[in-house]
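Colleague: Before I ask anything, here is the structure I am working with.
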Amino acid sequence: MHIEKAILDRVNEWLTPDFDRETREKIEDLMTSNPKELEESFYKNLEFGTGGMRGVMGVGTNRINQYTLGKNTQGLSDYLHKSFPNQPIKVVIAYDCRHNSNTLAKVVADVFSANGIQVYLFSDLRPTPELSFALKHLKCQCGIVLTASHNPPEYNGYKVYWEDGGQLVPPQDKEIIEMIESLSYDQVKFTPNEKLIAMIDKDVDAAFVASTVENASFDTPQAAKDQLSIVYTSLHGTSIKSIPAVLEKAGYKNLHIVPEQATPDGDFPTVKSPNPEEPEALSMAVSLADKLNADIVIGTDPDADRLGIAVRDNDNKLVLLNGNQTMVLMTHFLLEQWRKKGKLNGNQFIGSTIVSTPMMHELASAYGVECKVGLTGFKWIAKFIKDFPNQQFIGGGEESFGFMVGDKVRDKDAVGATLLICEVAAQAKANGSSVYKELQKMYVDFGFYKEHLVSLTKKGIEGAQEIRQMMIDQRQNPIAEIAGERVVLVEDYQSSVAKNLLTGEEEKLSIPKSDVLIYYTEDGAKIAARPSGTEPKIKFYVSVNAAIDSVDDIPSATKQLDDKIKAIIRDLKID
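At position 523 of the sequence shown the residue is numbered 671 (the numbering used here), and the sequence of numbers has no breaks.
In structure tokens:
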């Protein structure tokens, strides 16, 4: 097959003595045995997306390996010295259960130390939220976590956090990328200064657990905690290092851990995908909960930033909640706790994203707080906390099963959210209700919102081109009607323009540019199209709603909204 000259130039650079013999031999093997894979490995440089940099592990510029991460870290080191001149610089590094995470973390630590930067390296795998906490706790300027979240086993990744504890946001990310791109691989300092690398573990763990318990506890009586039966699974990931300790310290003793999934394992052997968004991932936990007649099931992804939840419905059957449902449940609980304590004075806010449920706006309005909405990715919610220091952040979430309680951790935090949902469940049960019943009551009070996600996977070079073309087609041939309803408003976050299709009026969007299109129909439906920033996917987010007068109206409203969602999917040809 023909390979472009630019790709061959990259390949030839990696065949020089600057790269180790094993790497060169692997490349030579690909040249003869699998030129298609060679092209995939070198056709571009790995890019930062909504959740940092993720990719398949292997040789090449488009793969996660010691050289691509070394170059990243060298560029980041240069940027840190530029940003904090004549100051001692400190970074903290964590890693998850994935293959090579520990060795890649040491490579990153080596490069930082070779650049005169003090490194705190966790001695074993830790949850991503603990990295965010540790960054501020240790007064570091930067933090790195080696993780690919819930991606398949062949992936790994590199997430960068800044001194506020949140992930990088523009313009910093672009400035750092420019510094990285300006480097050649022979400029990377791989030889460590071991004196500048300090191992951390128990002291930071204890501080993180104590902070989480303080931050996510809300006066639940011990008797209520004792009555709540919890089944929990770490899905072979890092949360096993923190969640049992947090729940024990908070007083939740009736905890049952899925034993087959408790050992960290980068192969994730008991699941097709270690993603709590997928019902299959929680099937073992649900089975155990049925045997024990447990009240709630909680599962977290490998780096412990997302959580999936199952609760008992009115027929005592365990049902999985989606990310929007868990988000509004926890947000409503927090708002109610703040109201009870007289802490709401109009100077508070909750956070959400442009593709999450509009029900968050209804909650904010009812409690007299602001709902700040950003692009997909928790770095934008963390940025709100940084940008509005005179306002109090209560909590916030996104549809992709992430939630953050308060500002001690500046990223989605399945550790704190696990404790919070246990508080919700324990108090509801003690009051003769349930999590499910509380959600139903909210639908009556704030509107019955139903969301559905369609995710289309398009791998490789051709897949990326296909996704780009799908977005181009949507822009060149704008949709005027969906499922028999007129489109009344289109928000194009790439051009930063919101256009009212009824009046022709245009308004500038204040949210940063992103490749996202959102359609609103005359009956209140919302459909968003967005290529994923971390996976080879294009996602379509559908939200529909109806007003109901009582819980008894839910079955008929459910059928009405389900039919509407099916019609939207059929019309858009995305099934």
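All C-beta atoms in this analysis are idealised placements derived from N, C-alpha and C, irrespective of residue type, glycine included.
1) What is the rounded straight-line gap between the Cα of Val293 and the Cα of Leu403?
2) In terms of alpha-carbon separation, which member of Ser582, Ala646, Ser435, Thr566 lies closest to Pro626?
3) With which residues is Asp640 paired in a DSSP beta bridge?
4) Just to confirm my understanding: we take Leu466, look at its own chain, exclude 5 residues before and 5 after, and list those with CB closer than 8 Å. What are they?
5) Can you tell me the Cβ-Cβ gap for Ile533 and Gly522, rounded? I've got them flagged as a contact below 8 Å.
6) State whether the segment 249-266 contacts the segment 317-334, with contact taken as three or more CB pairs (one from each stretch) at a distance under 8 Å.
7) Considering only DSSP beta bridges, list what Met552 is partnered with.
8) Apply the 10 Å Cβ neighbour rule to Pro679 and answer buried if 16 or more other Cβ atoms are within range, or exposed otherwise.
9) If we count the other Cβ atoms within 10 Å of its Cβ and call it buried at 16 or more, is Lys238 buried or exposed?
10) Per DSSP, Lys520 forms a beta bridge with which residues?
11) If you pair each beta-carbon of the segment 563-576 with each one of the segment 363-373, do three or more pairs fall below 8 Å?
12) Report all residues from its chain with a CB closer than 6 Å to the CB of Thr360; omit the five preceding and five following residues, and keep chain order.
13) Threshold first: 4 residues or longer. Then list the alpha helix (DSSP H) segments lying entirely within the segment 189-234, N to C.
14) With DSSP run on the structure shown, which of helix, strand or coil describes Pro301?
15) Report all residues from its chain with a CB closer than 8 Å to the CB of Lys397; omit the five preceding and five following residues, and keep chain order.
16) Could you tell me the boundaries of the alpha helix (DSSP H) in which His509 lies?
17) Here's the rule: buried if 16 or more other CB atoms are within 10 angstroms of the residue's CB, otherwise exposed. What is Pro537?
18) Determine the DSSP secondary structure at Gly385, reduced to helix, strand or coil.
19) Taking buried to mean at least 16 other C-beta atoms within 10 Å of its own C-beta, is Glu187 buried or exposed?
20) Quick one, which of His247, Asp272, Tyr380 has its alpha-carbon nearest Tyr303's?
21) Ignoring anything shorter than 3 residues, give me the beta strand (DSSP E) runs that lie fully in the segment 398-443, in order along the chain.
22) Output the boundary residues of the beta strand (DSSP E) element that contains Gln266.
23) So, under 8 Å CB-CB, Ser377 and Asp443 are touching, yes? Tell me the CB distance rounded to an integer number of Å.
24) Would you call Val699 buried or exposed, if buried means 16 or more other Cβ atoms sit within 10 Å of its Cβ?
25) Closer than 8 Å is the cut-off here; do at least three beta carbon pairs connect the segment 217-235 with the segment 164-182?
26) With a Cβ-Cβ cutoff of 8 Å, do Ile175 and Leu194 count as a contact?
27) Measuring CA to CA, which of Ile666, Glu173, Tyr191 is closest to Glu152?
28) Does the segment 635-644 come into contact with the segment 700-717, if we say contact requires no fewer than three beta-carbon pairs (one atom in each stretch) closer than 8 Å?
29) Between Lys687, Ile615, Ile630, which lies nearest to Val602 when the distance is taken from Cα to Cα?
30) Do you know offhand how far Thr381's Cα is from Gln624's?
31) Taking the Cβ atom as the reference point for each residue, do Leu649 and Val635 lie within a distance shorter than 8 Å?
32) Flag this pair as yes or no: are the beta carbons of Lys560 and Asp453 separated by less than 8 Å?
33) For Asp321, which residues of its own chain have a beta-carbon under 7 Å away from its beta-carbon, when the five flanking residues on both sides are left out?
34) Give me the residue from Glu683, Glu633, Lys389 with the minimum Cα distance to Thr669.
35) Beta carbon of Lys389, beta carbon of Leu273: below 8 Å?
36) Quick test of the definition: if touching needs 3 or more C-beta pairs under 8 Å, does the segment 259-273 touch the segment 334-353?
Modeller: In short:
1) Locating residue 293 in the sequence shown gives position 145, where the first residue counts as 1. Locating residue 403 in the sequence shown gives position 255, where the first residue counts as 1. Approximately 28 Å, taken between the alpha carbons.
2) Stepping through the sequence shown from its first residue, residue 626 is reached at position 478. Per the Cα distances, Ala646.
3) Within the sequence shown, the letter at position 492 stands for residue 640. The partner list for Asp640 (beta bridge, DSSP) reads Val645, Leu665.
4) Within the sequence shown, the letter at position 318 stands for residue 466. Within the same chain, Leu466 has close Cβ partners Val434, Ala437, Asp438, Val445, Ala458, Val459, Arg460.
5) Looking up residue 533 in the sequence shown gives position 385. Looking up residue 522 in the sequence shown gives position 374. That belief does not hold up - the Cβ atoms of Ile533 and Gly522 are roughly 11 Å apart, past 8 Å.
6) no
7) Walking along the sequence shown from the start, residue 552 turns up at place 404. In the DSSP assignment, Met552 forms a beta bridge with Gly544.
8) Residue 679 sits at position 531 when you count from the first residue of the sequence shown. It counts as buried.
9) One-based indexing of the sequence shown puts residue 238 at position 90. Buried is the label assigned to Lys238, since at least 16 other Cβ atoms lie within 10 Å of its Cβ.
10) Locating residue 520 in the sequence shown gives position 372, where the first residue counts as 1. The partner list for Lys520 (beta bridge, DSSP) reads Gly499.
11) yes
12) Position 212 of the sequence shown, counting from 1, holds the residue named residue 360. Counting only Cβ-Cβ distances below 6 Å, and skipping sequence neighbours, we find Val394, Val563, Gly564.
13) 214-231
14) Start at 1 with the first residue of the sequence shown, and residue 301 comes out as number 153. Pro301: coil per DSSP, three-state reduction.
15) Position 249 of the sequence shown, counting from 1, holds the residue named residue 397. Within the same chain, Lys397 has close Cβ partners Val357, Ala358, Val361.
16) The residue you call residue 509 lines up with position 361 of the sequence shown. Looking at the DSSP string, the run of the alpha helix (DSSP H) that includes His509 is 507-515.
17) By one-based count along the sequence shown, residue 537 stands at place 389. It counts as exposed.
18) By one-based count along the sequence shown, residue 385 stands at place 237. Coil.
19) Locating residue 187 in the sequence shown gives position 39, counting from the first residue. Buried, since its Cβ has 16 or more Cβ neighbours within 10 Å.
20) Here residue 303 refers to the residue found at position 155 when the sequence shown is read from its first residue. Checking every option, the nearest Cα to that of Tyr303 belongs to His247.
21) 403-405
22) Numbered from its first residue, the sequence shown carries residue 266 at position 118. Gln266 -> beta strand (DSSP E) spans 266-270.
23) Looking up residue 377 in the sequence shown gives position 229. Looking up residue 443 in the sequence shown gives position 295. At roughly 5 Å, the Cβ-Cβ gap stays under 8 Å, so Ser377 and Asp443 are in contact.
24) In the sequence shown, residue 699 corresponds to position 551, counting from 1. Per the 10 Å Cβ criterion, exposed.
25) Touching, no.
26) Position 27 of the sequence shown holds residue 175. Position 46 of the sequence shown holds residue 194. No; because the gap between Cβ atoms is not below 8 Å, this pair is not in contact.
27) Locating residue 152 in the sequence shown gives position 4, where the first residue counts as 1. Closest in alpha carbon position to Glu152, among Ile666, Glu173, Tyr191, is Tyr191.
28) no
29) Position 454 of the sequence shown, counting from 1, holds the residue named residue 602. Among Lys687, Ile615, Ile630, the Cα nearest to that of Val602 is on Lys687.
30) Looking up residue 381 in the sequence shown gives position 233. Looking up residue 624 in the sequence shown gives position 476. Rounded to whole angstroms, Thr381 to Gln624 spans 46 Å at the Cα level.
31) Counting from one through the sequence shown, the residue named residue 649 turns up at place 501. Counting from one through the sequence shown, the residue named residue 635 turns up at place 487. Against a cut-off of 8 Å, the Cβ pair of Val635 and Leu649 comes out as a contact.
32) By one-based count along the sequence shown, residue 560 stands at place 412. By one-based count along the sequence shown, residue 453 stands at place 305. Contact flag set, yes.
33) The count along the sequence shown starts at 1 and reaches residue 321 at position 173. These residues qualify, in order along the chain: Phe196.
34) Locating residue 669 in the sequence shown gives position 521, where the first residue counts as 1. Of Glu683, Glu633, Lys389, the residue nearest in Cα terms is Glu633.
35) Walking along the sequence shown from the start, residue 389 turns up at place 241. Walking along the sequence shown from the start, residue 273 turns up at place 125. Yes.
36) yes
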